[in-house]
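Beneath this line is the structure, given in structure tokens, with notes to follow.
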Amino acid sequence: DTGVSQDPRHKITKRGQNVTFRCDPISEHNRLYWYRQTLGQGPEFLTYFQNEAQLEKSRLLSDRFSAERPKGSFSTLEIQRTEQGDSAMYLCASSLAEGMNTEAFFGQGTRLTVV
Amino acid sequence: GENVEQHPSTLSVQEGDSAVIKCTYSDSASNYFPWYKQELGKGPQLIIDIRSNVGEKKDQRIAVTLNKTAKHFSLHITETQPEDSAVYFCAASGAGGADGLTFGKGTHLIIQP
């Protein structure tokens, strides 16, 4: 396993269009996280899953955003009716939340540009 | 919610010198403090972390210290090398890191040859 994989790496879309990103976590990891990172800032937490259950959502996750992890493996993040303010790097991370071993490992991210 | 402040925003040091980056956090319930290194166009890479039951942790040239009373923690890099140039982020979390992380705004570390 080579780590957390995200697809696509880059996405350019027109305002108002819908986009979907995919994240494949490290295979044995039970927790999966989505973050958003804008230029010059640290990543901001959006949501996370424990297996297939979505356990927490940030207030940053407006009703235009939806995330799924249907079989407890890969996850998708969809943004509907994209706005220019959605332009950012979307990062996925995974961890094995067992005992004290909870280090989160990040993927390379999907850079979204809304024009 | 948790708030993490990180300083400085930019740090330039001569190759071979030491670099120190400092962070403070607001939530006394936080108990897990990782540090990430991010290179241009890549995702953050975990370089070291510390939990609230210890005050210091070291891994080769990198060390992290934690002062729970003052709610601050620091990253120390000794004998800096050109490949240490990157943006470094501190973060904090409750639940031992199992929940989402709150990140600082990052420090751009520049190693001058």
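Protein chains in written order, with the numbering used here: chain A, 1 to 115; chain B, 116 to 228.
Cβ atoms here follow ideal geometry from the backbone N, Cα and C, with glycine treated the same way.
Bear in mind the structure is a predicted one, so any value in this text is a computation, not a measurement.
DSSP-derived helix/strand/coil call for residue i
i	result
T28/A	Residue 28/A is actually Glu in this sequence, not Thr. E28/A falls in the coil class under three-state DSSP.
E198/B	helix
L112/A	strand
R15/A	coil
D214/B	coil
L39/A	coil
T222/B	strand
Exposure of residue i, with buried meaning 16 or more beta-carbon neighbours within 10 Å
i	result
A144/B	exposed
D214/B	buried
S127/B	exposed
A53/A	exposed
P25/A	buried
D132/B	exposed
Alpha-carbon spacing of residue i relative to residue j, whole angstroms
i	j	result
Q17/A	L46/A	21 Å
K172/B	H187/B	14 Å
W34/A	A201/B	22 Å
F65/A	L77/A	7 Å
Could you name each continuous beta strand (DSSP E) segment of 3 residues or more that falls completely within the segment 52-105 of chain A, going from the start of the chain to the end? 53-57, 65-68, 75-79 and 88-95
Which runs of the alpha helix (DSSP H) at least 4 residues long sit entirely within the segment 124-192 of chain B? Give them in chain order. none
For the segment 174-183 of chain B and the segment 192-205 of chain B, state whether three or more C-beta atom pairs, one from each stretch, are separated by less than 8 Å. yes
Between the segment 132-139 of chain B and the segment 218-226 of chain B, can you find at least three pairs of beta-carbon atoms closer than 8 Å? yes
Does the segment 47-57 of chain A touch the segment 147-161 of chain B, meaning 3 or more C-beta pairs lie closer than 8 Å? With a cut-off of 8 Å on Cβ pairs, the segment 147-161 of chain B is not in contact with the segment 47-57 of chain A, counting fewer than three such pairs.
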